[in-house]
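Chemist: Every letter in the sequence shown is one number past the one before it in the working numbering, and letter 75, counting from 1, is 142.
Beta carbons: idealized from backbone N, C-alpha and C, even for Gly.
It should be emphasised that the depicted structure is a prediction, and the values quoted were computed from it without experimental measurement.
Take a look at the following structure, please.
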Amino acid sequence: ISDQKPLGCWSVKHGQVLTCPVVCNFETHEYIAVHDDRVLRIWKNEDINLDKAFKATLSADVHRIHSLPHGGPVVLFRAGGVRTLDVLLEAPQQEIENVISDETIRWSEAFMESQQPVVIFATEKDGDFFVYVQKPKQERARKYRLEPQELSQPLSFTAYLQNQTVTLLCLCSNASVYRVLIPLQQDPEEEEQTLPKSLLLNLSVSGSVLKGTSLVVLDRDHVAVLGSLAAPDKEPKECLTIWNTKFQTLQTSKELPLGTSGQLWCYEEKFFLTHGKVLTVIMYKCETSSLAAAVGKLKDSQTPGVSSCVNWNTLEDEELLVSFQSQEPVALKAESRMNLRSRRSSAAKAQPGKLSAGQPLLNLKDAPTNVLESEVRKLMSKAQTPDLQATIGSVVTALASRSKTNPKYYPQRFLLQLVETRDLSYSLCPDLMALALERKDMYLLQVCLQRFPDIPEEITYACLKTFLSVSEAHLRSTEVDLDSVICYIDVELRNREVKTEVVENGFSEELDQDMCDTKIPTQAHSKSDSESCPVGPQRAALLNTILHSAYSETFLLPHLKNLPAQQVILFLRYLYYLYVKCSEKVNTTLPGVRSPTINQIMDWMCLLLDAHFTVMVILPEARELLSNLHKFVRAQVRFYSELNKIEGSLRELQRLNHLRDSQSYSIEVLEII
68 ISDQKPLGCW SVKHGQVLTC PVVCNFETHE YIAVHDDRVL RIWKNEDINL DKAFKATLSA
128 DVHRIHSLPH GGPVVLFRAG GVRTLDVLLE APQQEIENVI SDETIRWSEA FMESQQPVVI
188 FATEKDGDFF VYVQKPKQER ARKYRLEPQE LSQPLSFTAY LQNQTVTLLC LCSNASVYRV
248 LIPLQQDPEE EEQTLPKSLL LNLSVSGSVL KGTSLVVLDR DHVAVLGSLA APDKEPKECL
308 TIWNTKFQTL QTSKELPLGT SGQLWCYEEK FFLTHGKVLT VIMYKCETSS LAAAVGKLKD
368 SQTPGVSSCV NWNTLEDEEL LVSFQSQEPV ALKAESRMNL RSRRSSAAKA QPGKLSAGQP
428 LLNLKDAPTN VLESEVRKLM SKAQTPDLQA TIGSVVTALA SRSKTNPKYY PQRFLLQLVE
488 TRDLSYSLCP DLMALALERK DMYLLQVCLQ RFPDIPEEIT YACLKTFLSV SEAHLRSTEV
548 DLDSVICYID VELRNREVKT EVVENGFSEE LDQDMCDTKI PTQAHSKSDS ESCPVGPQRA
608 ALLNTILHSA YSETFLLPHL KNLPAQQVIL FLRYLYYLYV KCSEKVNTTL PGVRSPTINQ
668 IMDWMCLLLD AHFTVMVILP EARELLSNLH KFVRAQVRFY SELNKIEGSL RELQRLNHLR
728 DSQSYSIEVL EII
């Protein structure tokens, strides 16, 4: 979330639908999904194609899979049956009992009790609600009826397990939260019991009523409710609220003007919710509850055992410099676009009343560069501090902002030194690359692309467009790291016509004369295109940096479609040149440091053709390039298909080599038929 980088992406085939949330098996580090109600899929992070992942078709429809940290996944079927995943995989077509009839499951949760998983789920039928307690090895589930409430219906459930008793909390339509106690050690009864509900919390304060949609438990004294806060004669506002159930008070609230999906998740002291079109992560910490804290009269927040529940400290990008002086570091809000985890955690752990180690740097952000550089060196020479990385990022951001307001100020050498010597990221100093693009600082952009792991696709595209559009004269006068190209680009012989011969992995011009219907230009001109690099070494080195950058195809393609056609052709010609160079060696590897791989070259070729295929087909100047690409790939496909034909003979030869006595000498003739 912090780095804005998808770590994995899998999709089902067209027409298939994922029918329950995907979970992670904590023990095996595998993902488990169900599509089309009954088809179970299990795969690992390194698996690419979901269609080739493990597949099992079950005998009944699955409602949900719950993954327990120390108990493994538990499968709840739509008819109320429960199985552990291990038992289910032993016989996927085993019969699943019908526990419920004509009822719809509205909510479910799983817990570990006495080292055994237990599943609790709530159902609805004709306005009546029931609760079931089911264990995988139990023959019969215990059924309870929820005490009905006049003029209100349960909207959301949550539960927690304590002392062999499940506490079920119901968020109802009358803006109230009710508590239901469910004992786990009770003997099964023949007849269903009615569970009484007790009022836990009234969601109203100062005439405003919260119409909640989702509820989570934070600790024994606090709950979080997501909903719409309606005040008399005012427009309802969506809010995330935290309530003290012990003293019946609203502890804090956060307005969400962009709207939410109505769903709220909580995991490891972090809220997860959708706010508009982004995922919002909110860190919180609940301290021991006290009456003074509940009514907001707490004077000394450092008194042991007494402090307020949650204080919001919005760490927006423009407020980064003052965030280190915050006196309320209990909770942080972090939109997914904002800050690296290291920066948030370091700010959250800062002690009130104490200056961070990097505070002197922040105070010197407007000082002369040599003074600031001296202070940075002193700080970096000392022992590593938790907030040093974030402080350096703040200094870089401040220098970038200062350079934008003052065109004559640009401490390039100092900025390069900070980027090269510190483990920074784009998230810590997002203005730096924008400044480098504005100043056309190719070397700084190259270093940032090499070192920053979390560059957004929009910035990657902006760098690519700049690298392709900048003039050769400007590039020749610019310092660029040429390590990735110096071993395979001969600058002096770029335009020399080189004699063509059959390359090692099977391509020759004569081999495939009949494979393409498109008219092929003269042989000498074609050779020149493939043998000489279409760009200078500086531009090639910069483009190689782009090829190494991390990206998500989904986010990059919309930007690539805006790339001008002439720049697309130039980039494709360079990629084709690299492709031919790679194919000249059996191991398809280019020499040099940080040289692009064959996979990176092919991926970018496909990206460009996907984004501009129609334009490339129509443009006359692109026809020759597409023809050469088509012919070269077809030749390689034919060559590898010929290799496949003799694969059996090669395997037999390998087997004979293993059987032969290594001490003897012989000459053998093998006839390949």
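Any chance the segment 660-669 sits against the segment 709-718, with 3 or more Cβ pairs inside 8 Å?
Modeler: no
Chemist: Counting C-beta neighbours from all protein chains within 10 Å, is the total for Lys80 16 or more, i.e. buried, or is it exposed?
Modeler: Position 13 of the sequence shown, counting from 1, holds the residue named residue 80. Looking at its Cβ environment, which holds fewer than 16 other Cβ atoms inside 10 Å, Lys80 is exposed.
Chemist: Could you check the C-alpha separation between Glu620 and Val635 for me, to the nearest Å?
Modeler: If you number the sequence shown from 1, residue 620 lands on position 553. If you number the sequence shown from 1, residue 635 lands on position 568. About 17 Å.
Chemist: What did DSSP end up calling Tyr227 once you bin it into helix, strand or coil?
Modeler: Position 160 of the sequence shown, counting from 1, holds the residue named residue 227. In this structure, Tyr227 counts as strand in the three-state DSSP scheme.
Chemist: Please work out which residues of its chain come closer than 6 Å, Cβ to Cβ, to Thr261, disregarding the five sequence neighbours upstream and downstream, and give them in chain order.
Modeler: Indexing the sequence shown from 1 puts residue 261 at position 194. Counting only Cβ-Cβ distances below 6 Å, and skipping sequence neighbours, we find Arg212 and Glu214.
Chemist: Would you mind giving the Cβ-Cβ distance between Thr190 and Arg209, rounded to the nearest angstrom? I have them listed as a contact below 8 Å.
Modeler: Position 123 of the sequence shown, counted from the first residue, corresponds to residue 190. Position 142 of the sequence shown, counted from the first residue, corresponds to residue 209. Between Arg209 and Thr190 the Cβ distance is about 13 Å, and since that is not below 8 Å, they are no contact.
Chemist: Could you check if Glu336 is buried or exposed, using at least 16 other CB atoms within 10 Å of its CB as the buried criterion?
Modeler: For the purposes of this step, residue 336 is identified with residue 269 of the sequence shown, where counting begins at 1. Exposed: under 16 other Cβ atoms inside 10 Å.
Chemist: Leaving out five residues before and five after Asp550 in sequence, what residues of the same chain have Cβ atoms less than 8 Å from its Cβ?
Modeler: Indexing the sequence shown from 1 puts residue 550 at position 483. If we look at Asp550 and ignore the five residues flanking it on each side, its Cβ neighbours are Ala608, Gly659, Val660 and Arg661.
Chemist: Among Ile132, Asp169 and Ala127, which one has its Cα closest to the Cα of Asn92?
Modeler: Residue mapping note: residue 92 aligns to position 25 of the sequence shown, counting from 1. Of the candidates Ile132, Asp169 and Ala127, the one whose C-alpha sits nearest the C-alpha of Asn92 is Ile132.
Chemist: So what does DSSP say about Gly274, is it helix, strand or coil?
Modeler: Residue numbering aside, residue 274 sits at position 207 when the sequence shown is read from its first letter. Under the three-state reduction of DSSP, Gly274 is assigned to coil, being neither helix nor strand.
Chemist: Output the distance between the C-alpha atoms of Gln160 and Leu125, rounded to the nearest integer angstrom.
Modeler: Position 93 of the sequence shown, counted from the first residue, corresponds to residue 160. Position 58 of the sequence shown, counted from the first residue, corresponds to residue 125. The alpha-carbon atoms of Gln160 and Leu125 are separated by roughly 5 Å.
Chemist: Considering only the beta carbon of each residue, do Cys496 and Leu516 sit closer than 8 Å?
Modeler: Stepping through the sequence shown from its first residue, residue 496 is reached at position 429. Stepping through the sequence shown from its first residue, residue 516 is reached at position 449. No, the Cβ-Cβ distance between Cys496 and Leu516 is not below 8 Å.
Chemist: What are the boundary residues of the alpha helix (DSSP H) that Val141 is part of?
Modeler: On the sequence shown, residue 141 is found 74 positions in, with the first residue counted as 1. Note, Val141: premise wrong, no alpha helix (DSSP H); beta strand (DSSP E) at Gly139 to Phe144.
Chemist: Pick helix, strand or coil for Ile459, following the three-state DSSP scheme.
Modeler: As a first step, residue 459 must be located in the sequence shown, where it is residue number 392. It is helical.
Chemist: Using DSSP with H/G/I as helix, E/B as strand and the rest coil, what is Tyr646?
Modeler: In the sequence shown, residue 646 corresponds to position 579, counting from 1. Helix at Tyr646.
Chemist: Just reading off the alpha helix (DSSP H) that Trp671 is part of, what are its end residues?
Modeler: Counting from one through the sequence shown, the residue named residue 671 turns up at place 604. Taken as a continuous stretch (DSSP letters only), the alpha helix (DSSP H) holding Trp671 covers Ile665 to Ile685.
Chemist: Where do the ends of the alpha helix (DSSP H) carrying Phe481 lie?
Modeler: The count along the sequence shown starts at 1 and reaches residue 481 at position 414. Element bounds for Phe481: Gln479 to Thr488.
Chemist: Can you tell me where the beta strand (DSSP E) with Gln318 in it begins and where it stops?
Modeler: On the sequence shown, position 251 is the one that residue 318 refers to. It spans Thr316 to Glu322 - the beta strand (DSSP E) in which Gln318 sits, taken as one unbroken run.
Chemist: If you draw a straight line from the alpha carbon of Leu439 to that of Ser468, how long is it in whole angstroms?
Modeler: In the sequence shown, counting from the first residue as 1, residue 439 sits at position 372. In the sequence shown, counting from the first residue as 1, residue 468 sits at position 401. CA-CA distance, Leu439 to Ser468, rounds to 15 Å.
Chemist: Would you identify the three-state DSSP class for His289, choosing helix, strand or coil?
Modeler: Translated into positions along the sequence shown, residue 289 becomes position 222. Looking at His289 - three-state DSSP - the assignment turns out to be strand.
Chemist: Sorted by chain position, which residues of the same chain lie with C-beta nearer than 7 Å to Trp671's C-beta, five sequence neighbours on each side aside?
Modeler: As a position in the sequence shown, residue 671 is number 604, starting the count at 1. Same-chain partners within the cutoff: Leu614 and Leu642.
Chemist: Hey, quick one: how far does the beta strand (DSSP E) through Asn311 stretch, first residue to last?
Modeler: In the sequence shown, residue 311 corresponds to position 244, counting from 1. Per DSSP, Asn311 belongs to the beta strand (DSSP E) from Lys304 to Asn311.
Chemist: Measure the C-alpha to C-alpha separation of Glu94 and Ser175 and round it to an integer number of angstroms.
Modeler: The residue given as residue 94 occupies position 27 in the sequence shown. The residue given as residue 175 occupies position 108 in the sequence shown. About 22 Å.
Chemist: Tell me which residues share the same chain as Lys304 and place their Cβ nearer than 6 Å to its Cβ, disregarding the 5 neighbours each side in the sequence.
Modeler: The residue given as residue 304 occupies position 237 in the sequence shown. Within the same chain, Leu296 and Glu322 come within 6 Å of Lys304 by CB-CB distance, once the 5 residues on both sides are set aside.
Chemist: DSSP on Ala689, reduced to helix/strand/coil?
Modeler: Against the sequence shown, residue 689 aligns to sequence position 622. Helix.
Chemist: Using only CA atoms, which one of Leu248, Asn611, Pro604 and Leu674 lies nearest to Leu623?
Modeler: Taking the sequence shown and counting its residues from 1, the one referred to as residue 623 is at position 556. Among Leu248, Asn611, Pro604 and Leu674, the Cα nearest to that of Leu623 is on Leu674.
Chemist: Just grab the DSSP bridge partners of Arg108 for me.
Modeler: As a working note, residue 108 is residue 41 in the sequence shown. Arg108 is bridged to Ala100 and Lys122.
Chemist: Out of Ser544, Asp498 and Asp521, state which residue places its alpha-carbon closest to the alpha-carbon of Tyr510.
Modeler: Taking the first residue of the sequence shown as 1, we reach residue 510 at position 443. Ranking the options by Cα distance to Tyr510, first place goes to Ser544.
Chemist: Please name the residue or residues paired with Met509 in a DSSP beta bridge.
Modeler: Sequence index remark: in the sequence shown, residue 509 carries index 442 (1-based). DSSP links Met509 through a beta bridge to no other residue.
Chemist: For Glu524, which residues in the same chain have their Cβ closer than 8 Å to its Cβ, ignoring the five residues on either side in sequence?
Modeler: Mapped onto the sequence shown, residue 524 falls at position 457. Excluding residues within five positions, the ones whose Cβ falls inside 8 Å are Tyr618, Ser619, Phe622, Leu623 and His626.
Chemist: DSSP state of Pro250, grouped into three classes?
Modeler: In the sequence shown, residue 250 corresponds to position 183, counting from 1. If DSSP states are grouped into helix, strand and coil, Pro250 belongs with the strands.
Chemist: Can you look up Met405 in the DSSP assignment and give me helix, strand or coil?
Modeler: The count along the sequence shown starts at 1 and reaches residue 405 at position 338. Residue placement at Met405 cannot be trusted, given a pLDDT of 31 that sits under 50; what the coordinates show is reported in the next sentence. Residue state for Met405 is assigned as coil, using DSSP reduced to three classes.
Chemist: Are the CB atoms of Gly329 and Leu293 within a distance shorter than 8 Å?
Modeler: The residue labelled residue 293 in the question sits at position 226 within the sequence shown. The residue labelled residue 329 in the question sits at position 262 within the sequence shown. Result yes, Cβ atoms of Leu293 and Gly329 sit closer than 8 Å.
Chemist: Does the distance from the CB of Cys237 to the CB of His289 come in under 8 Å?
Modeler: Here the question's residue 237 lines up with position 170 in the sequence shown. Here the question's residue 289 lines up with position 222 in the sequence shown. Cβ atoms of Cys237 and His289: not closer than 8 Å.
Chemist: Taking the alpha carbon of Pro184 as the point to measure from, which residue in Glu164, Ile109, Gln201 and Arg722 has its own alpha carbon closest?
Modeler: One-based indexing of the sequence shown puts residue 184 at position 117. It is Gln201 whose Cα lies nearest to the Cα of Pro184.
Chemist: Are the segment 490-508 and the segment 459-468 in contact at 8 Å, needing three or more beta carbon pairs?
Modeler: Contact holds: three or more Cβ-Cβ distances are below 8 Å.
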